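Asks: Below is a structure I'd like to ask you about.
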Amino acid sequence: MPTMNMIQALNDAHKVMMRRDEDIVVFGEDIGFFGGVFRVTEGLQKEFGKQRVFDAPISEGGIVATAVGMAAYGIKPLIEIQFADYIYPGYDQIVSEVAKMRYRTAGEWTMPMVIRTPYGGGIFGGQTHSQSPESLFTHIAGLKVVVPSTPYDAKGLLIAAVEDPDPIIFFEPKRIYNGPFEGHHDRPVTPWAKHPASEVPEGHYTVPLGKAAVVREGNELTVLAYGTMVHVALAAVNEQGIDAEVIDLRSLVPLDIETIEKSVEKTGRCLIAQEAPRTSGFAAELSALVQERCFYHLEAPVERVTGWDTPYPHAYEWAYFPGPKRMKTALEKVMAD
Amino acid sequence: MPTMNMIQALNDAHKVMMRRDEDIVVFGEDIGFFGGVFRVTEGLQKEFGKQRVFDAPISEGGIVATAVGMAAYGIKPLIEIQFADYIYPGYDQIVSEVAKMRYRTAGEWTMPMVIRTPYGGGIFGGQTHSQSPESLFTHIAGLKVVVPSTPYDAKGLLIAAVEDPDPIIFFEPKRIYNGPFEGHHDRPVTPWAKHPASEVPEGHYTVPLGKAAVVREGNELTVLAYGTMVHVALAAVNEQGIDAEVIDLRSLVPLDIETIEKSVEKTGRCLIAQEAPRTSGFAAELSALVQERCFYHLEAPVERVTGWDTPYPHAYEWAYFPGPKRMKTALEKVMAD
Amino acid sequence: MSDKDPAPLKPNRPKLALHVPEPPFRPGDKPDFSKMKVPAAGSAPRPDVSAAASETHPLTTALVRVLDEDNRAVGPWDPKLDPETLRKMLRDMVTVRVFDDRMYRSQRQGKTSFYMKCTGEEAIAVAAQNALDREDMHFPTYRQQGLLVARDYPLVDMMNQIYSNKGDKLQGRQLPIMYSDKAYGFFSISGNLGTQFPQAVGWAMAAAIKGDSRICMGWIGDGATAEGDFHSAMTFAAVYNAPVILATVNNQWAISSFSGIAGAERATFAQRAVGYGIAGLRVDGNDALAVYAAVRWASERARTNQGPTLIEFFTYRAEGHSTSDDPSGYRPTDEAKAWPLGDPIERLKAHLIQLGEWDDERHDELTKEADAKVRAAQKESEKLGILPQQGKDNIGSMFEDVYAEVPWHIAEQREQALDENR
Amino acid sequence: MSDKDPAPLKPNRPKLALHVPEPPFRPGDKPDFSKMKVPAAGSAPRPDVSAAASETHPLTTALVRVLDEDNRAVGPWDPKLDPETLRKMLRDMVTVRVFDDRMYRSQRQGKTSFYMKCTGEEAIAVAAQNALDREDMHFPTYRQQGLLVARDYPLVDMMNQIYSNKGDKLQGRQLPIMYSDKAYGFFSISGNLGTQFPQAVGWAMAAAIKGDSRICMGWIGDGATAEGDFHSAMTFAAVYNAPVILATVNNQWAISSFSGIAGAERATFAQRAVGYGIAGLRVDGNDALAVYAAVRWASERARTNQGPTLIEFFTYRAEGHSTSDDPSGYRPTDEAKAWPLGDPIERLKAHLIQLGEWDDERHDELTKEADAKVRAAQKESEKLGILPQQGKDNIGSMFEDVYAEVPWHIAEQREQALDENR
Ligand SMILES: Cc1ncc(C[n+]2csc(CCOP(=O)(O)OP(=O)(O)O)c2C)c(N)n1
Ligand SMILES: Cc1ncc(C[n+]2csc(CCOP(=O)(O)OP(=O)(O)O)c2C)c(N)n1
Ligand SMILES: [Mg+2]
Ligand SMILES: [Mg+2]
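Protein chains in written order, with UniProt numbering: chain E, 1 to 337; chain A, 1 to 337; chain H, 1 to 422; chain X, 1 to 422.
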């Protein structure tokens with residue numbers, strides 16, 4: 001089986017699907033001839049031509065809006081927003097149009113499209129290349145929100161997203177494009193090749209939306225995470241020697257509530273990790289859900305490990321990032337109580 | 001003391017502050033000669049002239065952006081977005097610019113401005129005149145989020161907001177502009193005149209941001225609410241005869257956590273009411289906070305009463321709105337457990 | 001605490017001042033348009049369909065008009081329509097007006113929550129529709145009910161939507177008049193101004209990508225041109241040479257704001273085309289023949305891969321913005337009557353009479369027929385219910401179509417809602 | 001499951017096709033600009049400062065140029081600057097280039113995370129700044145470092161920001177080169193493209209509201225003109241007649257996308273002015289005298305309440321987009337050299353020599369001085385630290401300035417962060 005990093009896996013997902021379905025059209029800033037600033041769309045214009053793969057003007061609003069028109073026509077836009085931090089000019093079209101179209105037309109017009117966008121910190125990108133705005137989309141009924149954490153999942157989830165009849169915001173954790181990251185920024189980068197999930201099958205396969213992955217089984221504690229934080233959480237529980245069950249949500253909406261409930265009922269404790277700012281982040285929703293549904297199983301308060309309620313400050317990247325120390329403190333707290 | 005409805009109280013707050021501070025400038029769609037579609041700015045252009053009160057092009061992005069430039073100059077924009085449902089074209093300027101300016105310039109440029117906007121349902125406005133997008137702003141560090149529920153508070157909070165050095169999103173619950181609303185849509189509308197908080201002092205006074213109001217004292221249950229839902233919650237606990245403490249948050253960010261904690265520690269139960277869709281709404285943050293901070297006092301899961309995770313459907317307005325029946329079921333549940 | 005920059009004014013420099021546009025007339029003023037220059041019918045040249053975009057640019061400050069003062073069709077833009085087509089357009093326009101009047105009254109009677117008329121603007125949607133193919137696509141605003149009527153959309157279906165009743169194919173989910181019908185090439189109307197304009201360009205791009213031959217028409221109001229979406233539409237249309245007609249209906253008002261607040265003091269809306277290097281036309285929107293001719297011209301251009309055209313239809317919003325609006329608060333009540341381009345129905349009627357193809361009796365009869373048709377539809381529709389009766393049955397339906405399948409969390413909410421309403 | 005409309009293609013209609021703009025040359029091609037029309041210096045007329053906006057519109061497709069092939073200043077736009085000013089501009093431009101080179105190298109040496117040069121575009125910011133008053137305001141992008149240098153901003157302060165070090169007045173919070181300095185009339189640079197453009201208009205509106213005499217200049221790149229913010233800026237500037245100069249730096253590239261992707265195949269960026277009815281100029285951005293003259297003209301207009309001007313500075317981005325970019329992946333490496341408008345420093349230098357006010361030795365000396373100044377600043381700045389050493393001390397500072405006062409929840413987070421880093 002070929003070994004791929006996340007970029008290659010995403011690129012492969014594009015190729016697999018574009019070969020199967022000629023209605024898929026890919027566009028975005030710098031994604032054509034050049035292949036995207038993170039190279040995810042490399043080679044696509046060459047293989048599929050300029051009518052299906054093309055550069056877009058720097059107008060995230062226009063990109064989403066024209067995608068709406070294309071979806072209305074009946075073709076399938078698979079578009080890139082260069083950084084999640086730049087999705088806001090397209091926010092009105094996403095919230096008011098993409099998300100609500102099926103509903104407001106009672107199913108007459110649907111918006112099957114995938115909006116891919118790199119998100120998260122860890123590359124010294126400063127305030128405007130590091131954001132994690134997922135909760136601004138989980139609040140919007142009509143959108144599905146997906147976050148892969150490995151090359152295998154990235155390809156399988158992206159294929160599932162392209163095949164899904166609903167609009168999907170597909171957040172790619174850019175810090176782990178090239179290798180998993182356990183939060184130890186001072187240690188050398190491990191490439192994906194050393195991780196089992198870098199074995200990516202050729203051709204078509206899917207990782208279903210709405211199904212979480214139990215990436216580590218355990219009995220003492222349930223950890224909910226997604227994206228980069230899956231790796232940080234795994235490393236932290238291993239380092240702390242806690243018999244934790246780590247769940248990679250993979251899709252935030254729809255959420256695999258069954259897997260979460262089953263786990264928390266077993267462990268009685270729950271810690272949620274997100275890189276986004278704390279207040280009104282998706283971890284709040286998870287915390288609320290867990291305590292609503294598993295209250296009588298909880299032995300300690302549900303804990304949140306999060307980014308701070310500040311912008312992502314350039315030089316203080318590692319003081320901002322919810323890394324091993326923040327995880328450790330929270331693990332100690334949730335286990336102590 | 002004069003009796004005012006909420007529109008008059010807000011109008012009065014404008015006048016009081018514009019007379020005191022000639023750097024205040026008011027603009028927005030239809031707010032000039034006409035005085036705004038809800039008449040909040042009526043008479044202002046006449047009194048303060050067109051250089052300080054003027055109509056804006058239909059460009060919420062341009063309205064916020066030019067307000068940023070004005071704040072950078074050193075004057076104080078007090079602007080209106082005609083409906084909260086139309087704030088999204090201005091979302092990038094609010095999130096990327098207004099919210100982050102003080103931080104990214106280490107305090108050199110600040111953004112003291114107030115963005116007023118009517119929100120919420122109950123007037124048969126359909127999907128695009130009924131939304132409650134507050135949690136999309138509570139997630140953004142750097143913004144304050146304020147929601148009045150009475151004429152007295154509306155004037156006092158708006159004056160406090162105008163005097164505040166930080167940018168404020170000021171959500172006005174349009175359903176209660178003209179009278180409090182207890183959720184019984186089939187009963188006649190009560191005017192504000194019958195409510196004690198319609199007595200609004202003349203001249204300058206403030207209701208401080210970050211201070212909640214305990215609008216009903218009680219021992220069995222804490223209810224957290226804001227905006228229209230304060231009145232719905234009050235009526236519901238009275239109708240159910242529950243000895244509940246009802247807290248009107250008034251400002252969501254900063255939040256009066258002390259008052260909340262003290263109350264939940266006393267009552268051991270907590271119910272949170274919001275009109276917004278459930279998933280990732282502000283009630284999720286409140287629920288997470290309450291269980292994190294009062295876990296060992298809780299006798300039952302924290303309950304949320306919310307709008308549904310659907311757009312606001314025109315004809316099903318009252319099936320969508322979290323009214324008396326939804327409150328009753330939730331009250332029974334949180335009290336039974 | 002003041003944040004003001006301490007830099008002093010230069011004493012010998014002039015004081016800057018903000019210009020705030022003001023409409024020529026306010027309530028109490030006598031509207032006087034005698035100074036308004038109305039170019040003569042027939043005076044605007046008609047470039048070849050394959051002309052360079054720049055050749056059209058003089059037309060962005062002119063006014064394409066066909067019907068002259070004596071109600072004759074004159075000049076190079078005369079589309080030379082047969083009387084049958086003219087009568088069809090007249091019938092459609094009259095139907096729209098009658099429909100508007102009845103539905104306005106319905107709202108006033110409390111049968112629904114909201115209504116929006118297009119009085120004075122009937123020629124625009126109706127003639128545009130007649131100039132296009134049945135398969136062409138529209139991304140309309142809320143003032144193009146004429147597109148549906150001109151495609152013989154069942155009036156009862158429009159009313160069912162307005163009443164949110166059992167026959168409403170949108171299941172009561174949308175504000176009245178926010179129609180949607182794929183089979184009629186009529187895209188779902190959005191409450192969010194401007195959004196549909198670049199969407200139209202996206203649809204046209206898709207048609208081009210797929211080698212289709214259908215084109216697309218996007219619609220926007222003068223006020224809404226200020227939205228960023230307008231610029232997206234123009235930019236993407238220009239860059240990809242999209243087969244799209246971008247129509248700005250300049251009815252000179254946006255609720256209470258006159259078109260100067262959208263920039264009309266300095267340039268026409270058609271002139272925006274110049275900045276993007278696409279074709280542009282400014283057209284008398286109350287002249288059905290001019291509207292027809294312009295749309296036909298632009299459609300031929302789009303169909304032959306010659307790219308997009310921006311058309312400004314110059315007209316006047318003769319009534320309030322909607323049932324929630326009372327224009328007497330911001331403009332003279334007699335302004336509509338004083339406005340020089342006249343009533344589009346009267347003008348087309350007079351033209352047909354001048355041709356000897358129409359007379360007052362036939363017109364009265366047409367009006368009566370339209371009235372009867374509308375009344376019949378109303379009766380039928382009201383059998384299916386009016387708004388105050390809705391929202392009680394079929395509560396479960398409100399949880400469908402958020403996603404293709406109902407996910408667990410919405411299914412739970414549906415159960416809750418059904419319990420509440422038992 | 002297909003959502004496609006079943007309507008059939010019309011068999012006798014042409015197939016539509018999407019046009020996707022492609023730059024003239026790709027890697028491997030030989031860039032050949034011999035077909036590019038370069039208008040002669042001095043050929044563009046200079047309208048009076050109080051001319052109607054429409055009088056400037058022919059200039060939106062022309063090119064205001066002052067320096068001719070023999071390096072003389074010619075024509076009506078010659079600003080007739082004294083040699084002292086010319087030498088100051090040359091010095092500023094050389095300083096910018098030297099500064100860029102050193103900081104680029106610093107980034108390559110791992111001393112910071114990121115850097116952006118403005119090579120080939122130095123004349124634009126430097127000459128614009130020299131044409132304005134010290135009190136006038138700028139809302140810049142990341143490629144106007146010349147504005148700071150031309151106002152004698154301490155280079156060490158720029159470097160401190162680039163290194164996010166102890167001397168960084170932005171406290172390490174911003175990506176390198178995202179400068180901000182109120183006292184220098186330089187608004188905080190945003191990472192979000194386009195946002196500053198309508199903000200500049202807002203500042204100018206405020207100046208007008210307050211009867212100030214200071215004006216404002218907003219900056220944007222060719223690629224970013226596609227953002228909705230561009231349209232907001234143009235619309236608000238036009239409606240309120242704001243005293244603002246709106247500058248589009250068309251360096252023909254936006255990362256890997258050529259200007260055709262922003263619409264340049266069909267219209268110049270200056271032409272956008274026509275659609276809004278404001279003044280517009282297209283200027284040779286590599287000709288410092290032309291830049292100076294155009295900004296001077298527009299500033300006089302703005303200062304006298306005659307409204308906004310859109311200026312396109314036509315130039316070429318001679319190097320990569322940033323340190324994260326390698327342009328050899330999408331354009332010929334020798335394209336910069338082949339591009340006909342030359343190097344702005346060489347051109348100004350030659351002009352001064354031609355005037356007898358400069359020579360090669362003095363130029364070498366100037367370069368050496370600039371180099372020494374930059375090196376000295378670098379030494380001083382690096383004493384205060386380079387990026388890899390930052391982010392450990394003063395952790396508490398990252399919780400300040402989110403709000404004027406630290407609210408309880410952020411105070412709690414500060415405690416947590418301090419604990420983590422003890
Ligand atoms: C994004 C957005 N902002 C504001 C509104 C409120 N609004 C509804 S219609 C309208 C005026 C539109 O005027 P115009 O575009 O000229 O269209 P017309 O009503 O004249 O047909 C406004 C401001 C809205 N619906 N959407
Ligand atoms: C809203 C937004 N979208 C995308 C980006 C990513 N981005 C940064 S610079 C750039 C190219 C800008 O090109 P141009 O405006 O021509 O300016 P130049 O770099 O040539 O000076 C892009 C796409 C961004 N910073 N902000
Ligand atoms: Mg209008
Ligand atoms: Mg550029």
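Idealized CB from N, CA, C, for every residue including glycine. On a predicted model such as this, the values are computed, not experimentally measured, just so you know.
Beta carbon of Asn251 of chain X: closer than 6 Å to some heavy atom of ligand 4?
Replies: yes
Asks: Which chain H residues sit within Cβ distance under 7 Å of Arg187 of chain A?
Replies: By Cβ distance, chain H contributes nothing, its closest Cβ being about 15 Å from Arg187 of chain A, past 7 Å.
Asks: Determine the contact status of Thr110 of chain A and Met205 of chain X, defining contact as a CB-CB distance below 7 Å.
Replies: no
Asks: The alpha helix (DSSP H) spanning Ala183 of chain X covers which residue range?
Replies: Premise fails: Ala183 of chain X is in no alpha helix (DSSP H) and is neither H nor E.
Asks: Compute the distance between the beta-carbons of Thr154 of chain A and Ala9 of chain A, then report whether it is under 7 Å.
Replies: One point to set straight first is that residue 154 of chain A is Ala, not Thr, in the sequence displayed. In this structure, Ala9 of chain A lies closer than 7 Å to Ala154 of chain A by Cβ.
Asks: Contact between the stretch 265–283 of chain A and the stretch 20–35 of chain H: three or more CB pairs below 8 Å?
Replies: no
Asks: Please state whether DSSP places Gly228 of chain X in a helix, a strand or coil.
Replies: helix
Asks: Would you say the beta carbon of Ile177 of chain X comes nearer than 6 Å to a heavy atom of ligand 1?
Replies: no
Asks: Start and end of the alpha helix (DSSP H) containing Arg303 of chain H?
Replies: 288–303
Asks: Just to confirm, does Gln416 of chain X get its C-beta within under 6 Å of one of the non-hydrogen atoms of ligand 2?
Replies: no
Asks: With a 10 Å radius around its C-beta and 16 neighbouring C-beta atoms as the bar for buried, classify Ala411 of chain X as buried or exposed.
Replies: Exposed, because fewer than 16 other Cβ atoms sit within 10 Å of the Cβ of Ala411 of chain X.
Asks: Check the C-beta distance from Ile395 of chain H over to Tyr316 of chain A and give it rounded, since I have them as a contact under 8 Å.
Replies: 7 Å
Asks: Roughly how many whole angstroms lie between the Cα atoms of Ile209 of chain X and Asn250 of chain H?
Replies: 29 Å
Asks: Are there 16 or more other CB atoms within 10 angstroms of the CB of Arg347 of chain X, so buried, or fewer, so exposed?
Replies: buried
Asks: Taking His184 of chain A and Leu136 of chain E to be in contact with their CB atoms under 8 Å, please state how far apart those CB atoms are, rounded to whole angstroms.
Replies: Contact doesn't hold; Cβ gap of about 34 Å is too wide.
Asks: Taking one C-beta from the stretch 164–177 of chain E and one from the stretch 112–119 of chain E each time, how about it: are there three or more such pairs within less than 8 Å?
Replies: Result yes; three or more Cβ-Cβ pairs closer than 8 Å.
Asks: Which runs of the alpha helix (DSSP H), 4 residues or longer, sit entirely within the stretch 138–193 of chain H?
Replies: Every alpha helix (DSSP H) of 4 residues or more that sits fully in the stretch 138–193 of chain H is shown, in chain order, as 145–150, 155–163.
Asks: Could you list which residues in chain E have their beta carbon closer than 9 Å to that of Leu148 of chain X, in chain order?
Replies: By Cβ distance, chain E contributes nothing, its closest Cβ being about 19 Å from Leu148 of chain X, past 9 Å.
Asks: So with CB distances below 7 Å, who are the chain A contacts of Gly223 of chain H?
Replies: Ile58
Asks: Taking only runs that begin and end inside the stretch 84–146 of chain E, name each unbroken beta strand (DSSP E) of 3 or more residues, in chain order.
Replies: 114–119, 144–146
Asks: If you measure from the CB of Gly203 of chain A, is any heavy atom of ligand 2 nearer than 6 Å?
Replies: no
Asks: What does the alpha-carbon distance come out to for the pair Ser2 of chain H and Thr206 of chain A?
Replies: Residue placement at Ser2 of chain H cannot be trusted, given a pLDDT of 39 that sits under 50; the coordinates are not used to answer.
Asks: Let me check understanding here. Comparing Cα to Cα, which of H:Ser328, H:Ala370, H:Lys182 lies closest to Arg134 of chain H?
Replies: H:Lys182
Asks: Nearer than 6 Å: is that true of the beta carbon of Ala224 of chain X relative to any heavy atom of ligand 2?
Replies: yes
Asks: For Asp101 of chain X, tell me which candidate among X:Gly110, X:Met93, X:Lys117, X:Leu90 has the shortest Cα-Cα distance.
Replies: Measuring from the Cα of Asp101 of chain X, the nearest candidate turns out to be X:Lys117.
Asks: Output needed in chain order: residues of the stretch 80–98 of chain E with a Cβ under 8 Å from some Cβ in chain H.
Replies: Result list: Pro89, Asp92, Gln93, Ser96, Glu97.
Asks: Would Ile261 of chain H pass as an interface residue toward chain A - the criterion being a Cβ-Cβ separation below 7 Å?
Replies: yes
Asks: Please find out if some non-hydrogen atom of ligand 2 comes closer than 6 Å to the beta-carbon of Gly221 of chain X.
Replies: yes
Asks: For Glu317 of chain A, does the three-state DSSP call read helix, strand or coil?
Replies: helix
Asks: In terms of alpha-carbon separation, which member of E:Glu202, E:Pro188, E:Thr329 lies closest to Ala13 of chain E?
Replies: E:Glu202
Asks: If we cut at 7 Å on Cβ distances, does Met103 of chain X have a partner in chain A?
Replies: no
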